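Asker:
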Amino acid sequence: MLEKELSFADLPISLSEIYETMGYADAVPDEAVEKEVRGVLGRVEAVTSPRFCFFISGGDLDETKDLLTVGKTSFSIGKIITRQLRGSESFAFFAATAGTGFEKFQHTLQQEGDMVKVYIADAIGSIIAEKTADCMEIALDEYIHDRGWRHTNRFSPGYCGWHVSEQKKLFPLFPSAEPCGIRLTDSSLMRPIK
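Every letter in the sequence shown is one number past the one before it in numbering that gives the first Met the number 0, and letter 31, counting from 1, is 30.
(1) Measuring alpha carbon to alpha carbon, tell me which of E102, I181, K130, A26 ends up nearest V117.
(2) What span of residues does the alpha helix (DSSP H) with I126 cover, start to end?
(3) Roughly how far, in whole angstroms, is the beta-carbon of F74 from the beta-carbon of L84, given that I think they are within contact range, below 8 angstroms?
(4) Determine the extent of the beta strand (DSSP E) in which E2 is found, giving its start and end residues.
(5) Pick from R153, Q109, G22, D185: whose alpha carbon is nearest that of F93?
(6) Mapping the DSSP letters down to three states, classify G57 as helix, strand or coil.
(7) Specify the secondary structure class of C179 as computed by DSSP and reduced to three states.
(8) Report the three-state DSSP secondary structure of F170 (helix, strand or coil).
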């Protein structure tokens, strides 16, 4: 398994990305909101330690049943993902997180009761999680390049017909019980949530 901790600087996050995630589309918020965003972003940078990990495994894809089987574990991945994985012989499994420091920061903001800052932090956290997964994908590209392999888009339980409850089957495949420090709740929610 390849695991890597990133710095906040490894994730080039622009203010326009944050505004778009907050719902501003191409518009720029007023000066007061911009100031709040910059303030939250500075605090996030100080506490965030994004991490990702991945491993590659063989597996069998049953296109008639939309099942991916790895060892003794079968995933019902749905038609969309099955189509994307058609012809695959190996499968990369990954985890990515903004880290526990970010989640603690979110809890601090909630306790402070400033819901605007909570909303801003949530938007930033979503971007951090995506950018961390982007970094994982770059590392995966480097890892498989010499083998002449290519990869598909990345998929996660909860998307494209792959039920989120299947995370409970996915996590035991990792060599570590809590990959990147991520644990699952009984309801299949990941902690940290971002």
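Positions of the beta carbon are idealized from the N, C-alpha and C atoms, including for glycine. Since the model is a prediction, treat every value here as computed from it, not as a measurement.
Answerer: According to the data block:
(1) E102
(2) 114-144
(3) Rounded, the Cβ-Cβ distance is 11 angstroms, inconsistent with contact.
(4) 1-4
(5) R153
(6) strand
(7) helix
(8) helix
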